[in-house]
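Since the structure comes first, as structure tokens, the remarks are kept for the end.
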Amino acid sequence: MNEIRSVAVVGSGAMGAGIAQVAAVAGQQVVVFDVSTAALDRARKSIAANLKKLAEKGRLSTAEALEAEARIVFTASLDDCSSADLVIEAIAEQLDMKKKLFVELEARVAADTILATNTSSLSVTAIAAACEAAERVVGLHFFNPPPLMALVEVIRAVQTSEEVAQTAYSLMESWGKRPVWAKDTPGFIVNRVARPFYGEALRLLDEGIADMATIDWAMTKLAGFRMGPFALMDYIGHDVNYKVTESVFASFYNDPRYKPSFTQLRLLEAGHLGRKTGRGFYDYREGAVMPAATEEERQGWLICNRILAMLINEAADACHWGVASRADIDLAVTLGLNYPKGLFAWAAEWGAANVVSQLDYLYEQYREDRYRCSPLLRRMAKEGADAVR
Ligand SMILES: NC(=O)c1ccc[n+]([C@@H]2O[C@H](COP(=O)([O-])OP(=O)(O)OC[C@H]3O[C@@H](n4cnc5c(N)ncnc54)[C@H](O)[C@@H]3O)[C@@H](O)[C@H]2O)c1
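For the sequence shown, our numbering puts the final residue at 399, and the numbers step up evenly by one.
Next up, the structure:
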């Protein structure tokens, strides 16, 4: 495998522009391609502004910022990507579109060029299947915004060669990122393990157990999360957040653990997408009054423990099914989701047996498969934190 010296980024939206900036700052020659010249223009401006800001803050010298900017070429011709050692695709999240692009790329690039996809929810294996040399395809899942988020999930498709996977992983380290290995399963690590943070909070709301302000208060003030689930869903936008939940639910053959909520669907249907439209769970319009939380600690901890137990169970189950190691899951949730601590670390602190009791209590109450305890968590409760999967 050749050393990676030049990178092409296909798609210059939020992710593509950020990835191009990261690559250029790391010293790569970068070509950015997009079908939209307006998007290319926006990317050029936002990268230049970001680099200027980094120089002003002293994170880069002015010369380094200018050199990084000069290393990036913007183009509306896919042919200009042909000499790249690595192509990172960050176009719209549509399988047919991505497959078509990979066929077009393969017809242009060298035999040993690595083709990476930044997909969040599609199967890397399905994208790779569009290629003649599918072993050159790998998943490189960056987080938004790529220059600020250290985490990158590296995903081996069924076809990916070990050499390609290792090269991609090492390259991310050399770019100053923190790569983690994730199996090619729906949501990889982060978009799977985070589901209960939203799903169980919605369930508490839908059942009338607590209101959103109280749930957000408990999760921030007691459990230490930066944002409560409802404030965070409003921030992400219900178009994005609901769609991810729906896609994970469908991809897991309707596993009830990932069941979407009608309440969130209704917000989406109403166009109340969250902060960006001025209304979501909360009302952000001028003069609107935020609902007050009932700040009662005992009730607050009941809320936190239920959501935390579901998160820990999800982390344990992801490990049980070989999606990722415990260390990588804990890194992924702290770096990719800004959780106050890793979920395995939390399980160790709380005691796996206590988490199991909480889940078994919920299962007894509801008799729903949603609350089934992961076999790994049960083993951890019996054999200790290092129980093998
Ligand atoms: N936004 C996020 O938070 C996030 C995080 C991780 C991964 N992703 C994934 O990254 C990818 C891009 O997401 P985004 O948020 O940057 O999208 P975006 O809509 O901001 O940008 C996509 C860009 O791709 C361009 N494009 C579309 N089809 C193209 C084609 N055939 N060839 C070249 N350019 C094309 C569009 O013109 C647009 O500029 C998606 O697969 C998404 O799932 C997004």
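The beta carbon of each residue, even a glycine, is placed where N, CA and C say it ideally should be.
Output yes or no for whether 8 angstroms exceeds the beta carbon distance between A126 and I98.
If you number the sequence shown from 1, residue 126 lands on position 116. If you number the sequence shown from 1, residue 98 lands on position 88. Against a cut-off of 8 angstroms, the Cβ pair of I98 and A126 comes out as a contact.
inquiry  = Please tell me whether, using a cut-off of 7 angstroms, the distance from the CB of H151 to the nearest non-hydrogen atom of ligand 1 is below it.
reply    = Taking the first residue of the sequence shown as 1, we reach residue 151 at position 141. At least one heavy atom of ligand 1 is nearer than 7 angstroms to the Cβ of H151, so yes.
> Is the beta carbon of W227 less than 8 angstroms from the beta carbon of G310?
Replying inline: As a working mapping, residue 227 is identified with position 217 in the sequence shown. As a working mapping, residue 310 is identified with position 300 in the sequence shown. Closer than 8 angstroms, so yes.
What does the Cβ neighbour count give for R81, buried or exposed, with the cut at 16 atoms within 10 Å? By one-based count along the sequence shown, residue 81 stands at place 71. Under this definition R81 is a buried residue.
Query raised in the report: Would you call D194 buried or exposed, if buried means 16 or more other Cβ atoms sit within 10 Å of its Cβ?
Result: Taking the first residue of the sequence shown as 1, we reach residue 194 at position 184. Burial call: buried.
>> Taking 7 angstroms as the cut-off, is the C-beta of A102 nearer than that to any heavy atom in ligand 1?
In response: On the sequence shown, position 92 is the one that residue 102 refers to. Checking the Cβ of A102 against ligand 1 gives yes.
*Does the Cβ of G332 lie closer than 7 angstroms to at least one heavy atom of ligand 1?*
Along the sequence shown, read from residue 1 onward, the residue named residue 332 stands at position 322. Outside the cutoff, so no.
**Prompt:** Does the Cβ of Q104 have 16 or more other Cβ atoms within 10 Å, making it buried, or fewer, making it exposed?
**Reply:** Position 94 of the sequence shown, counting from 1, holds the residue named residue 104. Label assigned to Q104: exposed.
Leaving aside the five residues before and after A138 along the sequence, list all residues of the same chain whose C-beta is less than 6 angstroms from its C-beta, in chain order.
The count along the sequence shown starts at 1 and reaches residue 138 at position 128. Here the set comprises A144, V147, A167, Q169.
Short check: CB of R213 to CB of V258, under 8 angstroms? In the sequence shown, residue 213 corresponds to position 203, counting from 1. In the sequence shown, residue 258 corresponds to position 248, counting from 1. For R213 and V258, no; Cβs fall outside 8 angstroms.
**Report entry** Reference R348, options F153, E306, R295, V134, closest by Cα
**Finding:** In the sequence shown, counting from the first residue as 1, residue 348 sits at position 338. For the record, residue 348 in the displayed sequence is Asn; it is not Arg. Residue F153 is the option with its Cα nearest to N348.
- Query: Are the beta-carbon atoms belonging to V42 and A53 less than 8 angstroms from one another?
  - Reply: Position 32 of the sequence shown, counting from 1, holds the residue named residue 42. Position 43 of the sequence shown, counting from 1, holds the residue named residue 53. Yes, the pair counts as a contact, with Cβ atoms nearer than the cut-off.
- Task: Would you identify the three-state DSSP class for S1, choosing helix, strand or coil?
- Result: Outside the displayed span of the chain (11 to 399) sits residue 1, for which this structure offers no information.
Review point. Hey, is G346 close to ligand 1, as in C-beta under 7 angstroms from one of its heavy atoms?
Key: For the purposes of this step, residue 346 is taken as the residue at position 336 of the sequence shown. G346 Cβ: outside cutoff for every heavy atom of ligand 1.
Problem - Check: F43 C-beta below 7 angstroms from any heavy atom of ligand 1 - result: Walking along the sequence shown from the start, residue 43 turns up at place 33. Within the cutoff, so yes.
- Message: At a threshold of 7 angstroms, does N364 count as lining ligand 1 (C-beta to nearest heavy atom)?
- Response: As a working mapping, residue 364 is identified with position 354 in the sequence shown. N364: no, Cβ never under 7 angstroms from ligand 1.
Under 8 angstroms by Cβ, that's how I've got N323 and S384 pegged, so tell me the actual separation to the nearest angstrom.
On the sequence shown, residue 323 is found 313 positions in, with the first residue counted as 1. On the sequence shown, residue 384 is found 374 positions in, with the first residue counted as 1. Right, their Cβ atoms sit about 5 angstroms apart.
Who are P157's beta bridge partners in DSSP?
The residue given as residue 157 occupies position 147 in the sequence shown. None, per the DSSP bridge assignment.
Practice problem: Classify E116 as buried or exposed, calling it buried when 16 or more other Cβ atoms lie within 10 Å of its own Cβ. | Solution: Your numbering for residue 116 matches position 106 in the sequence shown. The residue is buried, with at least 16 neighbouring Cβ atoms inside 10 Å.
Query raised in the report: From E393 to T85, what distance separates their C-alpha atoms?
Result: Here residue 393 corresponds to residue number 383 of the sequence shown, with the count starting at 1. Here residue 85 corresponds to residue number 75 of the sequence shown, with the count starting at 1. Rounded to the nearest angstrom, the two C-alpha atoms are 57 angstroms apart.
(request) With a threshold of 7 angstroms, establish whether the CB of T255 neighbours any heavy atom of ligand 1. (result) Along the sequence shown, read from residue 1 onward, the residue named residue 255 stands at position 245. It does not: the Cβ of T255 is nowhere closer than 7 angstroms to a heavy atom of ligand 1.
Is T135 near ligand 1 - that is, is its Cβ less than 7 angstroms away from at least one heavy atom of it? For the purposes of this step, residue 135 is taken as the residue at position 125 of the sequence shown. No, Cβ of T135 sits at least 7 angstroms from all heavy atoms of ligand 1.
Could you please give the first and the last residue of the uninterrupted beta strand (DSSP E) stretch that includes G149? By one-based count along the sequence shown, residue 149 stands at place 139. G149 -> beta strand (DSSP E) spans 147–152.
Evaluate R276 with the Cβ neighbour count: other Cβ atoms within 10 Å of its Cβ, from every protein chain shown; 16 or more gives buried, anything less gives exposed.
Within the sequence shown, numbered from 1, the residue matching residue 276 stands at position 266. R276 comes out exposed.
Kindly list the residues whose CB is nearer than 6 angstroms to the CB of A357, restricted to its own chain and excluding five residues on each side of it in sequence; keep chain order.
For the purposes of this step, residue 357 is taken as the residue at position 347 of the sequence shown. Only I322, V365 meet the Cβ criterion.
query: Are there 16 or more other CB atoms within 10 angstroms of the CB of D106, so buried, or fewer, so exposed?
result: The sequence position of residue 106 within the sequence shown is 96, counting from 1. So D106 counts as exposed.
Exercise. How big is the Cα-Cα spacing for E66 and P157?
Worked result: For the purposes of this step, residue 66 is taken as the residue at position 56 of the sequence shown. For the purposes of this step, residue 157 is taken as the residue at position 147 of the sequence shown. If I take the Cα positions, the gap works out to 16 angstroms.
**Report entry** Assigned secondary structure, Q104 (DSSP; H/G/I helix, E/B strand, else coil)
**Finding:** Along the sequence shown, read from residue 1 onward, the residue named residue 104 stands at position 94. Of the three classes helix, strand and coil, the one that applies to Q104 here is coil, per DSSP.
Cβ of N251 within 7 angstroms of any heavy atom in ligand 1? Numbered from its first residue, the sequence shown carries residue 251 at position 241. Result no, Cβ not under 7 angstroms from ligand 1.
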